[in-house]
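Residue numbers (the UniProt record's numbering), protein chains in the order written: chain F, 1 to 252; chain E, 1 to 252. Think of the CB as a built atom: it goes at the ideal place given N, C-alpha and C, for glycine as much as any other residue.
Number of protein chains: 2
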Amino acid sequence: MSSDRAPRPAPAQSDATAEAARPAGRARLSRGLVLRTAVALADRSGIDAVSMRRLAQELGVVPMALYKHVANKEELFDGMVDVVIGEIAPPCEDSGWKQAVRRRVLSARQTLLRHPWAPQVIESRTAPSPAVLDHMNSLIGTFRAGGLSADLTHHAMHALGSRMWGFTQEVFPTAPPPADPELREIVFRDLAVRYPHIVEIATAGAHDPGSVVGSTCDDQFEFEFALDLLLDGVDRLHQRSWSSAQARDRDG
Amino acid sequence: MSSDRAPRPAPAQSDATAEAARPAGRARLSRGLVLRTAVALADRSGIDAVSMRRLAQELGVVPMALYKHVANKEELFDGMVDVVIGEIAPPCEDSGWKQAVRRRVLSARQTLLRHPWAPQVIESRTAPSPAVLDHMNSLIGTFRAGGLSADLTHHAMHALGSRMWGFTQEVFPTAPPPADPELREIVFRDLAVRYPHIVEIATAGAHDPGSVVGSTCDDQFEFEFALDLLLDGVDRLHQRSWSSAQARDRDG
DNA sequence: CTCCGGAGGTGTACGCCGTACACCTTCGCC
DNA sequence: GGCGAAGGTGTACGGCGTACACCTCCGGAG
Chain F
1 MSSDRAPRPA
11 PAQSDATAEA
21 ARPAGRARLS
31 RGLVLRTAVA
41 LADRSGIDAV
51 SMRRLAQELG
61 VVPMALYKHV
71 ANKEELFDGM
81 VDVVIGEIAP
91 PCEDSGWKQA
101 VRRRVLSARQ
111 TLLRHPWAPQ
121 VIESRTAPSP
131 AVLDHMNSLI
141 GTFRAGGLSA
151 DLTHHAMHAL
161 GSRMWGFTQE
171 VFPTAPPPAD
181 PELREIVFRD
191 LAVRYPHIVE
201 IATAGAHDPG
211 SVVGSTCDDQ
221 FEFEFALDLL
231 LDGVDRLHQR
241 SWSSAQARDR
251 DG
Chain E
1 MSSDRAPRPA
11 PAQSDATAEA
21 ARPAGRARLS
31 RGLVLRTAVA
41 LADRSGIDAV
51 SMRRLAQELG
61 VVPMALYKHV
71 ANKEELFDGM
81 VDVVIGEIAP
91 PCEDSGWKQA
101 VRRRVLSARQ
111 TLLRHPWAPQ
121 VIESRTAPSP
131 AVLDHMNSLI
141 GTFRAGGLSA
151 DLTHHAMHAL
161 GSRMWGFTQE
171 VFPTAPPPAD
181 PELREIVFRD
191 LAVRYPHIVE
201 IATAGAHDPG
211 SVVGSTCDDQ
221 FEFEFALDLL
231 LDGVDRLHQR
241 SWSSAQARDR
251 DG
């Protein structure tokens, strides 16, 4: 415990060492356990309380032990986001696209309300994780199944960003595609298989199908699209003298 | 430099000390200078580069010197947000409310694009600063001047949140009002003078005018309001076979 | 002019943080 | 039984926010 530095002469004082190495009942660490514990800690004490040291303590383990399961703190956050995304209810395609999307978005909101730290963490990610891409892909699928054009769906998704995630942004900075054209082709095919809907709407209206990942869309246009949707909607309500009281009455 | 702890016997070795105390040309520190430098640093190197130590170095000063001008790092962030908000163009009431709001929101977006770190920092504040309240107050004023009801304006403001700030949220957690009713009355009057429009829409439809600061509004309702505005708008575009190409053509 | 008080700036120290690196222990497999 | 990898430990480093005691300088009152 105290001072000797040279290669330990005595290999094991079995009881003290054993207790230190595995305090009786503690389960073996695993990536999943680490992530779930981190999420629970963030829920309970806020995202700032999630430090490697505090989390390790929570798990009854030394801080460095975590690094066998997550590469670093950024990757820990990535994993936590995936856990949260995984809690969003899967799509249910019973009624029309509008109801289906509405339900999905409201479910996402409920999930994020359970994890108030999540929007901030999601927003700080530099790239969307597979879980995020899956979620988007299936939501796009719902629009498309409802008959909306790829083009309109594309803009609708941008407009909905703020509703789904609890924040809006130039959503993900979308890293530039690899320079090597051959490699890019491979990556592209891979994406198309895994996230066909995303690739479809990303390329809709784009001339160069290879530039999916690059910013094929005009952020200013997307912003104004969503803004005008809202302003025009408000205007329409204004013109028909809408009031929240009557709205509440109508749909209970 | 090294070891003596007792009250210094020699009061001043004038040249070395003088150089340390004021390196010739450096301007005197001030809150404004500190904040502007912090904003510039964040713009240049990202918000994570804004540490008290780095910022002090930027200013040619020892870290603790900053604490004479900002209470702590949180207050530094608060101040940085105010600097950014101050850059948003003031309202111009020439055309109708819709144009006026549109312009203002687009101006806010331009400002936030210049300071990509800002949305994240704004989102992490626990209370809205006076600058934020001023901005909101005047935007509400624009709606009201255009003839919209306080009620509709209230919901429109919630819906626009995401467009104005680059993120949406249960916008500000709005700290509970002081328990002492007398004190609360004073705070309330104060708010009504400084932010009349905010108070008006906050109390619109609320039965107890004293509970302004408390959550008089139903977050779930606000969320669905904005969501339906978007979904209905998309639906309408879908039904008239809207496409982005023709939209771009129409308004150049 | 002197004196003094307070505002502005300094230096040291503390307890956190993420994580590199070398090590030891344990487990699963041959 | 032995061995290599996977899992866990311990130490150490540099950076962080900031408490606290100090020093210095400036402006105004006497």
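Selection E:I47, E:R194 and E:I88 evaluated against P130 (chain E) yields E:R194 as nearest (Cα-Cα). Around the C-beta of M157 (chain F), 16 or more other C-beta atoms lie within 10 Å, and the residue is accordingly described as buried. Put simply, of F:I186, F:W97 and F:I122 the residue whose alpha carbon is nearest the alpha carbon of G146 (chain F) is F:W97. Residues of chain F with a Cβ closer than 8 Å to the Cβ of Q120 (chain E) are, in chain order, Q120, E123 and S124. Excluding sequence positions up to five before and after A56 (chain E), its CB lies within less than 7 Å of the CB of V62, P63, A65 and L66, all in the same chain and listed in chain order. In terms of beta-carbon proximity, L227 (chain F) lines the interface with chain E, with at least one pair separated by less than 9 Å.
By alpha-carbon distance to K73 (chain F), the top candidate from F:G60, F:E200 and F:I47 is F:I47.
The beta carbon of V81 (chain F) is closer than 8 Å to those of A118, V121, I122, R125, S129, A131 and V132 in its chain, skipping five residues each way along the sequence. Considering only E:S95, E:S45 and E:M52, the residue with the shortest C-alpha distance to V34 (chain E) is E:M52. Below the 7 Å Cβ cutoff, chain F contributes no neighbours of G86 (chain E), its closest Cβ being approximately 22 Å away. Around the Cβ of E224 (chain F), a 10 Å sphere holds 16 or more other Cβ atoms; the residue is buried.
In the three-state scheme derived from DSSP, where H, G and I count as helix and E and B as strand, S107 (chain E) is classed as helix. Shown in chain order are the members of the stretch 88 to 100 of chain F whose Cβ falls below 8 Å from a Cβ of chain E: K98.
Beyond the five residues adjoining it in sequence on each side, T37 (chain F) comes within less than 8 Å, by CB distance, of L55, E58 and L59 in the same chain, given in chain order. In the structure shown, I88 (chain F) falls within a coil segment according to DSSP collapsed to helix, strand and coil. Contact with chain F is absent for E200 (chain E), since none of that chain's Cβ atoms lies less than 9 Å from the residue's Cβ. For S244 (chain F), at least one C-beta of chain E is nearer than 9 Å to its own C-beta. Annotated three-state conformation of Y67 (chain E) is helix, per DSSP.
Interface residue (Cβ-Cβ distance to chain F less than 9 Å): R189 (chain E) is not classified as such. Judged by their CB atoms, L230 (chain E) and L112 (chain F) are not nearer to each other than the 9 Å cut-off. Close to G233 (chain F), with beta-carbon spacing below 7 Å, are these residues of chain E in chain order: L229, D232 and G233. The beta carbon of V101 (chain E) sits closer than 6 Å to those of T142, all from its chain and outside the five residues before and after it, given in chain order. Inter-residue distance for D43 (chain E) and H115 (chain E) is about 6 Å (C-alpha atoms, whole angstroms). For D151 (chain F), the C-beta contacts it makes with chain E under 7 Å involve S243 and S244, in order along the chain. Ranked by how close their Cα comes to the Cα of D151 (chain E), the residues E:A202, E:V70, E:I85 and E:H69 have E:A202 in first place. When DSSP states are grouped into helix, strand and coil, S241 (chain E) belongs to the coil group.
Around the beta carbon of S162 (chain F), a 10 Å sphere encloses 16 or more other beta carbons of the protein chains shown; the residue is thus reported as buried.
Taking all protein chains shown into account, L139 (chain E) has 16 or more neighbouring C-beta atoms within 10 Å of its C-beta and is therefore buried. Classified as buried, C217 (chain E) has 16 or more neighbouring CB atoms from the shown chains inside 10 Å of its CB. For G96 (chain E), the secondary structure class from DSSP, reduced to helix, strand or coil, is coil.
For P196 (chain E), the uninterrupted alpha helix (DSSP H) run begins and ends at P196 to T203, by DSSP. The CB of L148 (chain F) comes closer than 8 Å to the CB of V234 and H238 in chain E, given here in chain order.
As the crow flies, the alpha-carbon of H197 (chain E) is around 12 Å from that of S149 (chain E). The residue from F:Q246, F:A204 and F:D251 with its alpha-carbon nearest to that of A245 (chain E) is F:A204.
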